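Participant:
There are 2 protein chains.
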Amino acid sequence: MAMTKKPVTGMKDILPEEMAVRNYCIGLIRDTYSRFGFSSIETPAVEHIGNLLSKQGGENEKLIFKILKRGEKLDLSHETTEEAVTDSGLRYDLTLPLTRYYAAHASELPSPFKALQIGNVFRADRPQRGRYRQFTQCDIDILGDPSPLAEIDLILATTTVLTKLDFHGFTIRINDRKLLKRTAEKAGFNESDFEKVFIILDKMDKIGWEGVRAELSESFPEETVSAYLASFKNSGGEEVSEDDISLMNETGSPLMTIISAVNEVKSPDFRVVYDPTLVRGMGYYTGPIFEIAMDEFGGSVGGGGRYDEMIGKFTGQATPAVGFSIGFERIIMLLLERGFSVPDAAGKIAFLIDKNVPDAKLAGIFREAMELRAEGKCVDIARMKKNKKFQKEQLASAGFEEIRECYAD
Amino acid sequence: MAMTKKPVTGMKDILPEEMAVRNYCIGLIRDTYSRFGFSSIETPAVEHIGNLLSKQGGENEKLIFKILKRGEKLDLSHETTEEAVTDSGLRYDLTLPLTRYYAAHASELPSPFKALQIGNVFRADRPQRGRYRQFTQCDIDILGDPSPLAEIDLILATTTVLTKLDFHGFTIRINDRKLLKRTAEKAGFNESDFEKVFIILDKMDKIGWEGVRAELSESFPEETVSAYLASFKNSGGEEVSEDDISLMNETGSPLMTIISAVNEVKSPDFRVVYDPTLVRGMGYYTGPIFEIAMDEFGGSVGGGGRYDEMIGKFTGQATPAVGFSIGFERIIMLLLERGFSVPDAAGKIAFLIDKNVPDAKLAGIFREAMELRAEGKCVDIARMKKNKKFQKEQLASAGFEEIRECYAD
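Protein chains in written order, with our numbering: chain A, 10 to 418; chain B, 10 to 418.
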């Protein structure tokens, strides 16, 4: 029977070389966050369709892989809507399952709860280069801590992971939704227009200052727009100005506490920059927001922020929360492009065994291999092929430093 | 908006304590097999519906979570069959995706190819205690090696994993489909009846010798049944008899080579027993088959065998193959029941920070925490709560050996 050999559209098989890099990164991420007091958790890949469609997911809700009901519950003869024939779907992010998880298990968890999730998510997006319909996300969240200690620790932990992966010269851009709102208010925008203004401001990276000015001017008075854009001119940067600090104090923003603590402690591998134009798409953020900008990548490789109201909205119990999502797939891509290879533990040895080696001798060979493995070495045992030369070349190119040939005598 | 808090029916959220054990096991499994020359691979959780329904999966094909087509391809108004409205589904095992993977990538992979897959599979089974609809499988396969070196290495690697997890006194039961067939043939069964005979023989654990005799007698002559069952009487065990060895030589079975090599090398933690009544369900096995029996569990915690014909059937290119599947969830269950806890690296310290600590002092605390973390310690930083006593008790019970209180002066 013929089989379709390619993976389903938009998903990919992972070959051993990439898999080694992924596993190395996952190990390093788990190890690093655990030293910061984070616990790993896992939620099912399948989620209730009602939860997935609860408006928390924004545009992602259009990209859900929906799962057919089963058995008697399925009636395709009479039902003609997706709602009636599906009961669940694949998760499109890790935030929604975390919210559900916390709602279900808060009483069994410490407070604050520091969670690390690494898992696959699924989006039926238009397939394009480097973007897949199944991909790994890595989310780190602190639930139940209203203080900026949470932001500081999240930033320190995440930048520690990146520097351990040998990334340098990246920038943590940081802002606060409270500052964003106050600045818009001062310029004369109405609160009801804030989200619209921020969506346009968020395009700065793509369309530049003049583009933002033009787009804002289509909907708002010239004067307001000019005042707004002027307010950013002497604001932000590595050195935070007195005016900026006043604004932070005025709004009760903890940004200076976060920036100064991180700056005092951080490695010289990265910079922290206050960026008053940073928006971060999701409307659910309520306080500090941050993003990792990496020149190598020409964009963000992670970001997050404080979302103090979301969990309460879904669980009925107010729970301050702040989270970071690392662009796992982007980091893997950068490492692979850079030719990163996983530090090898202890040397690789291959034993090639001629087919005439008798059982009695075979046992001795395996015993020796087991001893070398117990010492930490990687030992591969294989039947010697007719084209021994080619076999040895292949093993050498796969990193086997020593190749032993074993014959009957 | 209200949210369903429980996971979808039959699936589970994994709490931090269990997750720590799971991650520890996964790390140990990956590390151990890599020393035996195995490479990790990954396939998507979603598979073509045609592949899933290609009769390779036996009963599991009835348990598929099917995924609805999307966009224009979906026509619920006119289509009334599952075939017409679905295009993919969640994988129910890792063997089918491995076959597809190998068919798609053989030219990019070494030969023989030693693959380790750890991943979630999905079965819409009736939910029952300890069995979930999403669970982790761990499969190890050697593709392209027709020699018993593959079986020996698989058994040595897998038993090494188990002994590293502190399992003792387990038994590797081993048999060969060739011996199974020859014994049935000698007793007088027709080849066309073999599968039926083996299905009954496979019930030995549940219904005993007399049960097997009774059931065989319903369909076959008393004489044949008696001859068949008698043939097992002086056969099998830790010491393989001369008669058994003759039968192995007669059928070209490599069982003695495997048994003697493993016995020569193995740790005293487990036994290898030739069990001529071992069947292993799947009809696709062609040679040696094996199973790990663990008294603690009262059943099998893993098994596998040689399946030289399956890959060729799907890919058109004959490829010898032998694989082992470890019962990952059973092993986790046994470890949790046993109160297993992950060996802690370097000590856990909590810093409790009073809300009046000024920013200038905060930086110093974080710096100290970062230094301790760099030394390998786990350092948790949290806001000191009003009920400090309770907070400290909770931290102590979570394994924090040292708790430092940080005040403004």
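Here a beta-carbon is modelled for each residue, glycine too, at the ideal position from N, C-alpha and C. For clarity, every value in this text was computed on a predicted model and none was experimentally measured.
#1: How should A/I216 be labelled, buried or exposed, when 16 other C-beta atoms within 10 angstroms of its C-beta is the threshold for buried?
#2: Tell me which residues of the stretch 58–79 of chain B have at least one Cβ-Cβ distance to chain A shorter than 8 Å, keeping chain order.
#3: Return the CA-CA distance between B/R138 and A/T95, expressed in angstroms with no decimal places.
#4: Where do the ends of the beta strand (DSSP E) carrying A/D96 lie?
#5: Measure the alpha-carbon distance for B/A112 versus A/T324 and round it to whole angstroms.
#6: Can you name, in chain order, every residue of its own chain whose Cβ lies under 7 Å from the Cβ of A/I58, other than the five neighbours on each side?
#7: Classify A/N32 as buried or exposed, calling it buried when 16 or more other Cβ atoms lie within 10 Å of its own Cβ.
#8: With DSSP as the reference, label B/M393 as helix, strand or coil.
#9: Using a Cβ-Cβ cutoff of 9 Å, what residues of the stretch 381–394 of chain A are near chain B? List them in chain order.
#10: Hey, quick one: how far does the beta strand (DSSP E) through B/Y283 stretch, first residue to last?
#11: Could you say if the stretch 288–301 of chain B and the stretch 166–180 of chain B meet the contact criterion of at least three C-beta pairs nearer than 8 Å?
#12: Does B/A159 pass the burial test, meaning 16 or more other C-beta atoms within 10 Å, or should it be called exposed?
#13: What in chain A is Cβ-close to B/Y110, meaning under 8 Å?
#14: Helix, strand or coil: which one does DSSP assign to A/T108?
#15: Got a sec: is the Cβ-Cβ distance from A/F323 to anything in chain B below 8 Å?
#16: If you pair each beta-carbon of the stretch 251–271 of chain B with each one of the stretch 116–132 of chain B, do three or more pairs fall below 8 Å?
#17: Can B/L344 and B/V30 be called in contact, C-beta distance under 8 Å?
#18: B/H177: which of B/K242, B/R280, B/T192 sits nearest, CA to CA?
#19: What span of residues does the beta strand (DSSP E) with B/A265 cover, start to end?
#20: Pairing CB atoms from the stretch 359–373 of chain A with CB atoms from the stretch 187–195 of chain A, are three or more of them under 8 Å?
#21: Which residues of chain B have a Cβ atom closer than 7 Å to the Cβ of A/L165, listed in chain order?
#22: Let me know if B/R39 comes out buried or exposed under the rule of 16 or more other beta-carbons within 10 Å of its beta-carbon.
#23: In its own chain, which residues sit with a C-beta less than 7 Å from the C-beta of A/R182, not counting the 5 before and 5 after it?
#24: Buried or exposed: where does A/T90 fall if 16 or more other Cβ atoms within 10 Å of its Cβ makes it buried?
#25: Cβ closer than 8 Å: which chain B residues qualify as neighbours of A/H114?
#26: Using a C-beta cutoff of 8 Å, does B/N32 count as contacting chain A?
#27: Flag this pair as touching only if the stretch 64–84 of chain B and the stretch 303–316 of chain B have three or more C-beta atom pairs under 8 Å; answer yes or no.
#28: How many Å lie between A/I209 and A/S49 at the Cα?
#29: Name the chain B residues whose beta carbon is nearer than 7 Å to that of A/E56?
#30: Have a look at A/V366 and B/A115 and give me their C-alpha separation to the nearest angstrom.
#31: Just to make sure I have the definition right: I need the residues of chain A whose C-beta is within less than 9 Å of the C-beta of B/R44. Which are they?
#32: I'd like to know whether the C-beta of B/M319 is nearer than 8 Å to at least one C-beta of chain A.
#33: Would you say A/M257 reaches chain B, if we count a Cβ-Cβ gap shorter than 8 Å as a contact?
#34: Can A/I335 and A/C147 be called in contact, C-beta distance under 8 Å?
#35: Note down the Cα distance separating A/H87 from B/L62, rounded to an integer number of angstroms.
#36: Using C-beta distances below 8 Å, list every residue in its chain close to A/V206, excluding the 5 sequence neighbours before and after it, in chain order.
Facilitator: Taking the definition as stated:
#1: exposed
#2: G59, N60, S63, K64, F74, K75, I76, L77, R79
#3: 25 Å
#4: 95–99
#5: 47 Å
#6: K75, T95, D96, S97, G98
#7: buried
#8: coil
#9: L381, R382, A383, G385, K386, C387, V388, D389, I390, A391, R392, K394
#10: 279–283
#11: yes
#12: buried
#13: D22
#14: helix
#15: yes
#16: no
#17: yes
#18: B/R280
#19: The amino acid at residue 265 of chain B is misidentified as Ala; the sequence shows Met. Taken as a continuous stretch (DSSP letters only), B/M265 belongs to no beta strand (DSSP E), being part of the alpha helix (DSSP H) at 264–274.
#20: no
#21: F375, M379
#22: buried
#23: V282, D284, L287, F299, E300, A302
#24: exposed
#25: D22, L24
#26: yes
#27: no
#28: 37 Å
#29: V17
#30: 28 Å
#31: A354, A355, L381, R382, A383, G385, K386, C387, V388
#32: no
#33: no
#34: yes
#35: 25 Å
#36: A193, F198, L225, F229, Y237
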